[in-house]
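To start, the structure itself, in structure tokens.
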Amino acid sequence: MLKEKIARIQTLLKKQHIDFLVIGNFGHQVRDDLLYYLLLTHLELGIMMIPQKGMPTLYAIPFEVAQIKKAYPELRVLPFEKPLKDVLKVYEKKQIGYRPSSMPSAYVEKRMIALTGEERIFAIKLPEEITRLKKATTLTDNIFTDVISHWKEFKTEQDVATYIILKTIERGAEPSFSPIVASGKHASNPHHTPAKTTLTKGFCVIDMGVRYQGYCSDMTRTVYIGKPTNKEKDIYNHLLHAQHTAITACMIGTKISDIAEECRTHLGEEWNKHFTHALGHGLGTQVHEWPRVSTIVQEQLQENMYITIEPGVYPPGKFGMRIEDDVLITKKGPVVLTKSSKEL
3 MLKEKIARIQ
13 TLLKKQHIDF
23 LVIGNFGHQV
33 RDDLLYYLLL
43 THLELGIMMI
53 PQKGMPTLYA
63 IPFEVAQIKK
73 AYPELRVLPF
83 EKPLKDVLKV
93 YEKKQIGYRP
103 SSMPSAYVEK
113 RMIALTGEER
123 IFAIKLPEEI
133 TRLKKATTLT
143 DNIFTDVISH
153 WKEFKTEQDV
163 ATYIILKTIE
173 RGAEPSFSPI
183 VASGKHASNP
193 HHTPAKTTLT
203 KGFCVIDMGV
213 RYQGYCSDMT
223 RTVYIGKPTN
233 KEKDIYNHLL
243 HAQHTAITAC
253 MIGTKISDIA
263 EECRTHLGEE
273 WNKHFTHALG
283 HGLGTQVHEW
293 PRVSTIVQEQ
303 LQENMYITIE
313 PGVYPPGKFG
323 MRIEDDVLIT
333 KKGPVVLTKS
343 SKEL
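Just so you know, we're using this note's numbering here: the sequence shown kicks off at 3 and counts up by one.
See the structure below:
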């Protein structure tokens with residue numbers, strides 16, 4: 003898979019007339035998501051030079067060189083023993099590209115040019131990436147099932163969040179982000195931090211995900227603590243139908259903005275004003291990737307894009323609800339990989 007990823011980047015370098023792309027992690031200052039995309043591990047310190055053609059060179063901490071060589075035969079691995087400016091002298095007659103989002107300004111030289119469009123490489127998933135994403139969603143579904151089956155054991159939002167984290171680790175994965183558990187009025191905050199207070203009657207939003215072999219899931223379910231009224235059921239079912247409408251519209255060639263508009267139109271004015279975030283986002287080695295699924299994004303969906311669809315409504319200080327699924331775009335239509343029940 004690494005060779006395929008490198009080839010994709012090299013095609014982009016050729017189009018932009020870049021001889022070498024420099025990416026890297028500079029201690030704890032900045033971590034490059036493109037480097038993680040390639041290696042699927044977090045190097046504390048390392049610089050990679052990717053040529054337009056041929057084998058990339060990774061400069062790593064000297065005592066890690068032997069281990070990295072064994073793990074990545076696709077790379078030439080050398081000890082990182084000089085400042086970056088000295089490393090770049092080897093390439094002084096070449097056109098060097100860099101990523102403004104991850105290269106500290108102190109290291110940027112006048113001769114460098116900014117790489118563009120690399121987020122589109124992340125967006126189209128390779129077959130092996132899809133396999134790992136499917137596994138991540140299966141793990142997430144299994145953990146959610148465990149959460150519901152042990153629900154009576156939980157007293158606080160933090161109890162639920164801690165249980166999710168422990169079960170994720172037990173299954174050989176790691177959380178892709180800190181779980182959100184928001185009950186009662188807390189659910190009106192889309193990014194509520196789980197509290198030590200007792201779980202409150204009403205809607206409870208559970209937003210969770212795992213990272214499995216480098217790839218992330220991101221799923222939200224809304225459950226009800228107690229017994230919902232008919233009006234509460236109607237509101238929830240209205241949101242669920244809006245999500246279904248949006249997912250159904252996720253076809254190859256469809257403009258992302260049209261999908262988001264269709265969802266908001268279905269919600270109607272009364273609830274749309276309480277839908278305070280984008281409809282979704284890309285998902286892969288990072289839990290938030292391009293494209294953003296919103297009314298202002300004019301890009302068209304392409305085969306093997308992987309996105310979330312997550313409408314929610316949050317009347318301030320009252321309640322909140324969100325339903326989120328991970329969706330693969332295929333020739334046959336959208337495929338929802340998160341399978342957990344959405345019954346209230």
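Note that the Cβ used here is the ideal one computed from N, Cα and C, for glycine as well.
Where does residue 135 fall in DSSP's three states?
Under the three-state reduction of DSSP, residue 135 is assigned to helix.
Is there contact here, the region 182-192 with the region 320-329, by at least three beta-carbon pairs under 8 Å?
The region 182-192 makes contact with the region 320-329: 3 or more CB pairs, one atom from each, lie closer than 8 Å.
Could you tell me whether the region 279-293 touches the region 122-136, where touching means 3 or more Cβ pairs closer than 8 Å?
Three or more Cβ pairs closer than 8 Å define a contact, and the region 279-293 meets that threshold against the region 122-136.
Measuring straight from C-alpha to C-alpha, what distance separates residue 104 and residue 11?
If you take the alpha carbons of residue 104 and residue 11, they lie about 16 Å apart.
Inter-residue spacing [alpha-carbon to alpha-carbon] between residue 329 and residue 284:
Cα to Cα, residue 329 sits roughly 9 Å from residue 284.
Among 35, 19, 15 and 84, nearest to residue 58 - alpha-carbon criterion
Nearest of 35, 19, 15 and 84 to residue 58, Cα basis: 15.
Where residue 230 and residue 204 are concerned, what is the direct C-alpha to C-alpha distance, given to the nearest angstrom?
C-alpha separation (whole angstroms): 7 Å.
What do you get for residue 120, buried or exposed, if any count of 16 or more other CB atoms within 10 angstroms of its CB means buried?
Of the residues assessed, residue 120 falls on the buried side of the cut-off, its CB having 16 or more other CB atoms within 10 angstroms.
How about residue 166 and residue 210: are their beta carbons less than 8 Å apart?
Contact flag set, yes.
Rank 60, 110, 36 and 129 by C-alpha distance to the C-alpha of residue 331 and give the top, closest one.
Put simply, of 60, 110, 36 and 129 the residue whose alpha carbon is nearest the alpha carbon of residue 331 is 129.
Taking 8 Å as the limit between beta carbons, can you name the residues of its chain near residue 327, skipping five residues before and five after?
Its chain contains 221, 245, 249, 310, 311, 312, 338, 339 and 340 as the residues whose beta carbon lies nearer than 8 Å to that of residue 327, once the 5 sequence neighbours on both sides are disregarded; these appear in chain order.
C-alpha distance - residue 3 paired with residue 208, whole-angstrom precision
When rounded, the distance between both Cα atoms is 33 Å.
Straight-line CA distance for residue 214 to residue 140?
Going by the C-alpha atoms only, they are around 10 Å apart.
Alpha carbons only, please: which of 108, 107, 97 and 109 is nearest the one belonging to residue 115?
The residue with the shortest Cα to Cα distance from residue 115 is 97.
Expected contact under 8 Å - CB spacing of residue 100 and residue 287 to nearest Å:
20 Å between Cβ atoms; not a contact.
Locate the alpha helix (DSSP H) running through residue 240, then write down its first and last residues.
For residue 240, the enclosing alpha helix (DSSP H) begins and ends at 232-250.
Answer with buried or exposed for residue 27, where buried requires no fewer than 16 other C-beta atoms within 10 angstroms of its C-beta.
Buried is the call here.
Below 8 Å on the Cβ atoms is my contact criterion, and I expect residue 64 with residue 94 to pass it. Report the Cβ-Cβ distance as a whole number of Å.
Actually they are not in contact, since the Cβ atoms of residue 64 and residue 94 sit about 24 Å apart, beyond 8 Å.
Taking only the alpha-carbon atoms, compute the straight-line gap between residue 24 and residue 33 and give it to the nearest angstrom.
The straight-line gap separating the alpha-carbon atoms of residue 24 and residue 33 is approximately 13 Å.
Name, in chain order, the residues that DSSP records as bridge partners for residue 307.
Beta-bridge annotation (DSSP): residue 307 is paired with 126.
Residues that residue 160 bridges to, as DSSP identifies them:
DSSP output for residue 160 lists no bridge partner at all.
Who are the Cβ neighbours of residue 251 in its own chain at under 6 Å, not counting the five residues just before and after it?
Cβ neighbours of residue 251 beyond the five flanking positions: 261 and 264.
In terms of residue numbering, what span does the alpha helix (DSSP H) encompassing residue 264 cover?
Boundaries of the alpha helix (DSSP H) harbouring residue 264: 258-274, taken from the DSSP string.
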